[in-house]
Amino acid sequence: MPMPSVRRDRWLALALLAAVLGLAYLLLVHPWFTQPLLAINADVAALRERQQRVQAQLQQQPQIEQRLQQTREALQQRPGFLREATAEAAAAALGARVQDAVATASPGNRSCTISNRTPLTDNRRDAQFVRVAMQVRLRCGVAELATVLHSLETGSPRLFVDNLNLIAQRFQQSANESGLGLDVSFELAGYLLPGAAGDVAAPAAGAPAVPPAADADAGAAPAEPPVDAEGADET
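In my numbering, the protein residues as written are 620 to 854.
Next comes the structure, spelled out in structure tokens:
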């Protein structure tokens, strides 16, 4: 009868030894060795995956550079941006654009004349595009004004008319005027291409304004305060 008891004791001892070894592994080996090694293996796998992505992107560099060049060329050909390289040159181009539009709408300045053109400074900060603006003042008939504004806003490059003010003109300021036109002021603005030279949107302060069209009485202004386009019809 002693033999079964000895065998049972041996199996019990082996079971206790296995339990002690398992407990020692869970308490000492796994948290101090196995778990850190598993974390290191995970980091290594993540770094290898990242390296593969970087290498794949580097292999696409020629295609990306080609697409970037095509995008830049297409951007330069778009009519939406001013073609000039600097804000000063763009302001001069805006003045010429206004003069051409007025000359087309009223040959010889019979029904539409330019009173003043003054470049404006762009005071915006962290703007994505450089804005070039000019304050324009005209004396025009209604039909001629509509033609001028349509020419400015529908031409190329794209220009924007803001802060439009109209005042009914009830008296003659020169012999060529009928006295039935409008005294008009507005801001004409455009945008430079991204990355174009010139970090300011208008000529520096103190720069002379674009000279107005020749008119002996161009500096005279009506005493009425400016009103918006809707209020002009009631004047």
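Beta carbons are placed, not taken as given, at the ideal position from N, Cα and C, and that holds for glycine.
Quick caveat, the model's predicted, so the values are computed rather than measured.
Paired residues, beta bridge with residue i - DSSP
i	result
PRO738	MET753
LEU811	LEU701
ALA787	LEU801
ILE683	According to DSSP, ILE683 bridges with nothing at all.
THR732	ARG758
GLU806	GLN754 and ASP781
Where residue i falls: helix, strand or coil (DSSP)
i	result
PHE779	strand
ALA851	Note that ALA851 has pLDDT 39, beneath the 50 cutoff, so the model's placement of it is unreliable and the number below is only indicative. It is helical.
ARG626	helix
PHE652	helix
GLN747	coil
PRO774	Position check: residue 774 holds Gly in this sequence, whereas Pro was assumed. Coil at GLY774, not helix or strand.
ALA708	helix
Separation of residue j from residue i, as counted between CA atoms
i	j	result
ALA715	ARG736	10 Å
VAL780	PHE805	7 Å
ARG667	LEU677	15 Å
VAL767	LEU687	38 Å
LEU642	TRP651	14 Å
ALA704	ALA752	15 Å
LEU657	ALA632	32 Å
ARG750	ALA711	14 Å
ASN782	GLU692	33 Å
VAL673	ASP662	16 Å
CYS759	PRO681	56 Å
SER725	ASP719	10 Å
ILE786	ASP802	5 Å
ASN784	GLY800	13 Å
LEU646	THR653	11 Å
ARG627	PRO655	39 Å
ALA665	GLN679	21 Å
Residue of the options minimising C-alpha distance to residue i
i	options	result
GLU763	ALA706, LEU656 and THR723	THR723
TYR810	VAL755, THR740, LEU785 and ALA787	THR740
CYS731	VAL761, PRO738, ASP745 and ALA746	VAL761
SER734	GLN747, PHE748, VAL717 and ASP745	VAL717
PRO813	GLN671, THR690 and GLU684	THR690
HIS769	GLY727, VAL721, GLN754 and PHE748	VAL721
PHE748	ALA706, ARG729, PRO738 and GLN754	ALA706
ARG729	ALA708, ASP745, GLY774 and LEU757	LEU757
GLN754	ASN742, PRO738 and ALA765	PRO738
7 Å Cβ shell around residue i - same chain, five flanking residues per side excluded
i	result
PRO776	PRO698, GLY699, PHE700, LEU701, ARG702 and GLY809
PRO694	Reading the sequence as shown, one finds Leu at residue 694 and not Pro. LEU812, listed in sequence order.
Own chain, CB closer than 8 Å to residue i, minus 5 neighbours either side, in chain order
i	result
LEU778	LEU713, ARG716, LEU771, GLU772, LEU807, ALA808 and GLY809
ALA634	none
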